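Following: one structure in structure tokens, then a few remarks.
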Amino acid sequence: MRDPYEVLGVRKGASKEEIKKAYLELVKKYHPDKFKDNPLRELAEEKLKEINEAYNILMNDQYSNYEYSTYEQTSLYQQVRDLIMQGNIAQAENLLNQNPRNDAEWFYLMGIIYQKRGWINQAYRYFVEAYNRDPGNYEYRRAKEQFEMASRNYEWSAYNRGYRRHDDCDICTICQIIACWECCCDNDIGC
Numbered sequence: 038m039r040d041p042y043e044v045l046g047v048r049k050g051a052s053k054e055e056i057k058k059a060y061l062e063l064v065k066k067y068h069p070d071k072f073k074d075n076p077l078r079e080l081a082e083e084k085l086k087e088i089n090e091a092y093n094i095l096m097n098d099q100y101s102n103y104e105y106s107t108y109e110q111t112s113l114y115q116q117v118r119d120l121i122m123q124g125n126i127a128q129a130e131n132l133l134n135q136n137p138r139n140d141a142e143w144f145y146l147m148g149i150i151y152q153k154r155g156w157i158n159q160a161y162r163y164f165v166e167a168y169n170r171d172p173g174n175y176e177y178r179r180a181k182e183q184f185e186m187a188s189r190n191y192e193w194s195a196y197n198r199g200y201r202r203h204d205d206c207d208i209c210t211i212c213q214i215i216a217c218w219e220c221c222c223d224n225d226i227g228c
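In the numbering used here, the protein residues as written are 38 to 228.
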């Protein structure tokens, strides 16, 4: 989960009144009833779930314990994301391997590393594991679904081509799918 203060849009150390006010405004904004018969309903429900969790953490004075336990992980994961954005894939992988975790973010970041290297099957396995550990996370779900969609598109095109000819190049097709996927994501690891 992201920083609860960030989720609610309040400054760190905000008073309970400020937290409650921000919470009520966000609940009104993202309440699923406002999104009836709207394709954004599911996203609004996910956002509201995140808002409720952040509110409960901050209002129950659990954040000081939460902050202490997640600070080290958040810092590590931010370093890894920065390295990936800079193109330092090997260094990002080394950092993750030196600090093995069994949480969804670790698996997601490892999936990005493998995807950047072109190791599609392994990347997909990591994305699925990240999603399974935190199915409510939009980032993990989207990465998993994009791989599934690319796979379905590839299977469909292979099926419709009929019999294979010697001049068919499967690796070329895979590279095209990856290139298209990265173009859609603007090479942003936050797909």
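The beta carbon of each residue, even a glycine, is placed where N, CA and C say it ideally should be.
This one's a predicted model, so the numbers in the text were calculated from it and none came from an experiment.
query: Here's the rule I'm using: 16 or more other beta-carbon atoms within 10 Å means buried, otherwise exposed. How should methionine 122 be labelled?; result: exposed
query: Pop quiz: alanine 59 and leucine 45 are said to be a contact at Cβ under 8 Å. What is the actual Cβ separation, rounded to whole angstroms?; result: 5 Å
query: I need the straight-line Cα distance from tyrosine 200 to glutamine 213, nearest angstrom please.; result: Since pLDDT at tyrosine 200 reaches only 49, below the 50 mark, its modelled position is unreliable, and the value read off the structure follows with that caveat. Distance between the alpha carbons of tyrosine 200 and glutamine 213: 20 Å.
query: Near tyrosine 42, which residues of its chain fall below 6 Å by C-beta distance, leaving aside the five closest residues on each side in sequence?; result: Lys49
query: Please classify serine 112: does DSSP put it in a helix, a strand, or coil?; result: helix
query: Contact between the stretch 70 to 79 and the stretch 124 to 139 is defined here as three or more beta-carbon pairs at a separation below 8 Å; is this criterion met?; result: no
query: Ends of the alpha helix (DSSP H) at arginine 138?; result: Neither: arginine 138 is in no alpha helix (DSSP H) and is coded neither H nor E.
query: Measuring only the C-alpha atoms, how far is asparagine 4 from aspartate 119?; result: Nothing can be reported for residue 4, as the shown portion of the chain is limited to 38 through 228.
query: List the endpoints of the continuous alpha helix (DSSP H) containing lysine 71.; result: It is not in any alpha helix (DSSP H) - lysine 71 carries neither H nor E in the DSSP assignment.
query: Using C-beta distances below 7 Å, list every residue in its chain close to glutamate 82, excluding the 5 sequence neighbours before and after it, in chain order.; result: Pro69
query: Hey, how far is the Cα of alanine 160 from the Cα of lysine 84?; result: 26 Å
query: Contact check, alanine 187 vs tyrosine 145 under 8 Å by CB: the rounded distance?; result: With 8 Å as the limit, alanine 187 and tyrosine 145 do not qualify as a contact, their Cβ atoms being about 17 Å apart.
query: On the three-state DSSP scale, how would you describe tryptophan 143?; result: helix
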